[in-house]
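Asker: Just so you know, we're using the numbering used here here: the sequence shown kicks off at 9 and counts up by one.
A virtual CB, placed ideally from N, CA and C, is assigned to each residue, including glycine.
Take this structure, written in structure tokens, and hold onto it; I'll ask about it next.
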Amino acid sequence: ALAILMPIVASMGGNAGTQTLTVAVRALATRELTSTNAYRVIGKELLVGAINGVLFAIITGAIAWGWFQEPQIGLIIGMAMIVNMIVAGLAGASIPLLLDRAGVDPAIASSVFLTTVTDVVGFFAFLGLAAAFLI
């Protein structure tokens, strides 16, 4: 069951982070995102990530629970989804800002870092929670 569900957490985080990343890179290019309003924008993206995380956690958790007839599996994937979606929002908004500050074009380099972050966090959250609840 874990092997089947693992990529779902990582891919959902990647999708959410890529959407945030795209908006952030565009906002940097149009000067709508600056160092002055960065904290406000990151805060909004964290909130959006949390809301999306909860919604997708409920949906994915219910499907996993029904499919595998294991409530713990539904709870684990739901919690991992929330963690990964919040981190995806944070990383998607922060990585372009950090790269821009370092003088690197965020449109070129951001996606590699984002994918790494969301995959690592998604796998660690999912497997860590599974180890804590199932072993």
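Within a Cβ cutoff of 8 Å, which residues of the same chain sit near L98, ignoring the five residues on either side of it in sequence?
Answerer: If we look at L98 and ignore the five residues flanking it on each side, its Cβ neighbours are I50, E53, L54, G57.
Asker: Please name the residue in A140, Q27, L106 whose C-alpha comes closest to that of I85.
Answerer: Looking at the Cα atoms, A140 is the closest of the given residues.
Asker: Mind pulling the beta strand (DSSP E) runs of 3 or more residues that sit fully within the stretch 87 to 128?
Answerer: For the stretch 87 to 128, not a single whole beta strand (DSSP E) run of length 3 or above is found.
Asker: Are the beta-carbon atoms belonging to I118 and I94 less than 8 Å from one another?
Answerer: In the sequence under discussion, the amino acid at residue 118 is Ser, which differs from the Ile named in the question. No, Cβ-Cβ distance for S118 and I94 is not below 8 Å.
Asker: Looking only at C-alpha atoms, which of A35, M20, T68 sits nearest to D108?
Answerer: Considering only alpha carbons, the answer is A35.
Asker: Figure out for me which residue from G136, L41, G25, I16 has the closest Cα to the Cα of A72.
Answerer: For A72, the nearest C-alpha among the options comes from I16.
Asker: How is the alpha helix (DSSP H) around L55 delimited, first residue to last?
Answerer: Taken as a continuous stretch (DSSP letters only), the alpha helix (DSSP H) holding L55 covers 46 to 76.
Asker: Between which two residues does the alpha helix (DSSP H) carrying A7 extend?
Answerer: Lying outside 9 to 143, the shown extent of the chain, residue 7 is not represented and no answer is given.
Asker: I believe G25 touches G100 by the beta-carbon criterion, under 8 Å. Please report the beta-carbon distance rounded to the nearest angstrom.
Answerer: Right, the Cβ-Cβ distance comes to about 4 Å (below 8 Å), so this counts as a contact.
Asker: Under 8 Å, do A37 and L105 count as touching if we go by C-beta distance?
Answerer: Taking 8 Å as the Cβ cut-off, A37 and L105 do not qualify as a contacting pair.
Asker: Roughly how many whole angstroms lie between the Cα atoms of F134 and F121?
Answerer: Approximately 20 Å, taken between the alpha carbons.
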